[in-house]
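Worksheet: one structure, shown below.
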Amino acid sequence: MNMRARSEHTLRKRAPDAKLARDCARLLGALAEEGAYAFPDPVEGGRLILRGGGKGVSLGGGHFAAEAGEALMAADLAAREPGPRARLTISEAGRARLRRGAAAGLQEGAAFLGQHLDLEAAGETGAEGRLRDVSESPLAWMARRRGRDGAPLIDPARFEAGERLRRDMEAARMMPRMGTDWSQPRVDGSGPRDPAAASDRVLGARARVRAALDAAGGDLAGLLIDLCGHLKGLERIEAERRWPARSAKVVARIALGRLAEHYGLEREASGPARARSRTWRARA
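Start counting the sequence shown at 1; every next residue gets the next number (full-length UniProt numbering).
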């Protein structure tokens with residue numbers, strides 16, 4: 001078995017379920033950003049924390065299962081820097097894989113990502129087709145998407161605020177299931193072996209979620225749950241709530257701005273959107 005086949009076999013063996021495959025896709029894309037790296041979570045084992053270092057600013061970019069990093073390293077798509085920090089960064093092979101995937105849809109150049117990292121064709125197939133990461137976070141999409149003024153739809157502070165809420169929802173066992181009542185978060189018994197420690201973490205995360213949603217206000221809490229917890233896109237939110245087209249973008253910026261203020265990131269979340277937040281609160 002040659003090296004490429006062995007790497008693909010290893011990743012396929014270590015990523016048998018869809019969630020890990022999606023984590024691999026998300027992590028690979030995130031590591032491709034300028035200055036991005038991941039490192040082991042010093043508090044909770046089995047997790048990687050992502051940091052982005054573009055433009056001299058280091059902000060949190062979420063967390064991923066450590067298995068995703070190991071799977072990418074096994075496939076030579078990521079590498080761990082030597083030394084005590086043990087930072088995980090994308091490899092040249094990883095960048096090349098993403099470039100080929102972006103250019104070739106799900107044709108030969110992107111077959112590996114399509115099979116193992118849960119990507120699918122968006123729109124047309126063939127050379128004109130595009131790759132879409134089915135696990136892409138709407139927050140990540142908004143952070144990359146630029147408006148007519150050339151600025152991202154959300155700044156780093158809003159992105160970090162949304163990611164922080166998502167992480168707390170996961171830690172609180174509040175991620176959605178079919179028929180789940182969000183007012184009754186799930187404790188499924190998974191996690192560390194010490195039940196007391198796990199319970200304390202769940203309760204602490206649950207309290208942080210409720211505090212954050214209270215700070216955002218009841219008028220925006222539901223949208224934040226949909227956006228950060230259920231990972232619903234803006235178009236879906238508009239359709240489900242029967243809002244006008246492109247209105248969810250404005251409301252999401254306001255909601256994430258309130259979160260950023262709550263988390264102490266308000267300096268980057270100020271400006272016109274903050275003024276619109278007051279207007280939205282007054283109307284509500």
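Heads up, the beta-carbon is just placed ideally off N, CA and C, and yes, glycines get one too.
Which residue from Asp-76, Ala-161, Asp-168 puts its Cα closest to that of Arg-210?
Asp-168
Check: Candidates Pro-138, Asp-219, Ala-32: which alpha carbon is nearest Ala-96's?
Finding: Ala-32
* Asked: Any contact of the stretch 239-247 with the stretch 197-207, i.e. 3+ C-beta pairs under 8 Å?
  -> no
Residue burial classification, Pro-82 (beta-carbon count within 10 angstroms, cutoff 16)
exposed
In the DSSP assignment, the beta strand (DSSP E) including Ile-154 goes from what residue to what residue? No beta strand (DSSP E) holds Ile-154; DSSP gives it neither H nor E.
Decide if Lys-19 is buried, meaning its Cβ has at least 16 other Cβ atoms within 10 Å, or exposed. exposed
* Could you tell me the distance, in whole angstroms, from the CA atom of Pro-156 to the CA atom of Gly-147? => 15 Å
task = List in chain order: all unbroken alpha helix (DSSP H) runs of 4+ residues lying wholly within the stretch 223-275.
result = 234-241, 247-262
Report task. Using a Cβ cut-off of 9 Å (strictly closer), state whether Val-250 contacts chain C. Result -> No chain C appears in this structure, which consists of one protein chain only.
Helix, strand or coil at Arg-164 [DSSP, three-state]
helix
task: Decide if Ser-137 is buried, meaning its Cβ has at least 16 other Cβ atoms within 10 Å, or exposed.
output: buried
### Query
Comparing alpha-carbon positions, which option in Ile-225, Arg-246, Leu-165 lies nearest Glu-261?
Leu-165
query = From Gln-107 to Ala-215, what does the alpha carbon distance come to, in whole angstroms?
reply = Legend: pLDDT at Gln-107 = 38, less than 50; position of this residue unreliable, value from coordinates given subsequently. Approximately 47 Å between the Cα atoms of the pair.
- Residue range of the alpha helix (DSSP H) that includes Ala-66: 66-74
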